[in-house]
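So the sequence shown is numbered by our numbering: it starts at 6 and just counts up by one.
The beta carbon of each residue, even a glycine, is placed where N, CA and C say it ideally should be.
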Amino acid sequence: MFSLHHVALSVTDLDASIAFYSTLHFQPVYHWQADDDSARIVHLKQGDLLLELFCFKNTSPAPLTSRDLASDLPRIGIKHFGLRVGDIHAALQQLQQLKLADNVQVMHGRTGIDYFFIKDPDGILLEIVQDDRQL
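Written as structure tokens, this is what we have:
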């Protein structure tokens, strides 16, 4: 009955965020702009997943604890979102070539998946995962 529809993020530079997420194969499918230019919304699509980007003229920064996984995980709230790949090492190599994954290494998680984290232009954490478990 229920299925994931979208993930929403607030960003400071909509064009930079669209360019970043386009490297992860998200494509813009919807644009909206307030008449007074105070806000813009873009939907990016990858497969069945929509990524909803909000960009406001007046923003407030995320807490500093959200910039690092170790300090963000204990804070209540959404932490990050994960993108699944078939080959974690090929994905890391591709993102390193694009200068999006400097000083990053593949880790094996306590839940049995291989992963690494990158950050978008606003420092929002994204987990890249290879999940071969048969759940």
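| Would DSSP call S15 helix, strand or coil? | strand
| request: Would you tell me roughly how many angstroms separate the C-alpha atoms of D136 and H94, rounded to the nearest one? | output: 13 Å
| query | Of the choices F122, F59, Q99, whose alpha-carbon is the least far from that of D42? | reply | Nearest of F122, F59, Q99 to D42, Cα basis: F59.
| 9 Å Cβ cutoff met for S22 and D127 | Closer than 9 Å, so yes.
| task | Report buried or exposed for V111, applying the criterion of at least 16 other Cβ atoms within 10 angstroms of its Cβ. | result | exposed
| field | Buried or exposed by the 16-neighbour rule on C-beta atoms within 10 Å, applied to V34 | value | exposed
| query | Assuming L100 contacts I123 under a Cβ cut-off of 8 Å, what Cβ separation, rounded to an integer in Å, is found between them? | reply | 6 Å
| message | I need the DSSP call for L105, collapsed to helix, strand or coil. | response | It is coil, neither helix nor strand.
| request: On the DSSP bridge assignment, give the partners of I81 in chain order. | output: DSSP output for I81 lists no bridge partner at all.
| query | Are L97 and F61 closer than 9 Å when you measure CB to CB? | reply | no
| request: Apply the 10 Å Cβ neighbour rule to I81 and answer buried if 16 or more other Cβ atoms are within range, or exposed otherwise. | output: exposed
| With respect to 8 Å, is the separation between the Cβ of F86 and the closest non-hydrogen atom of the ligand FAD below this value? | For the structure depicted, the ligand FAD is absent and the ligand set is empty, with no information on it obtainable.
| query | From which residue to which residue does the beta strand (DSSP E) around K50 run? | reply | 44-51
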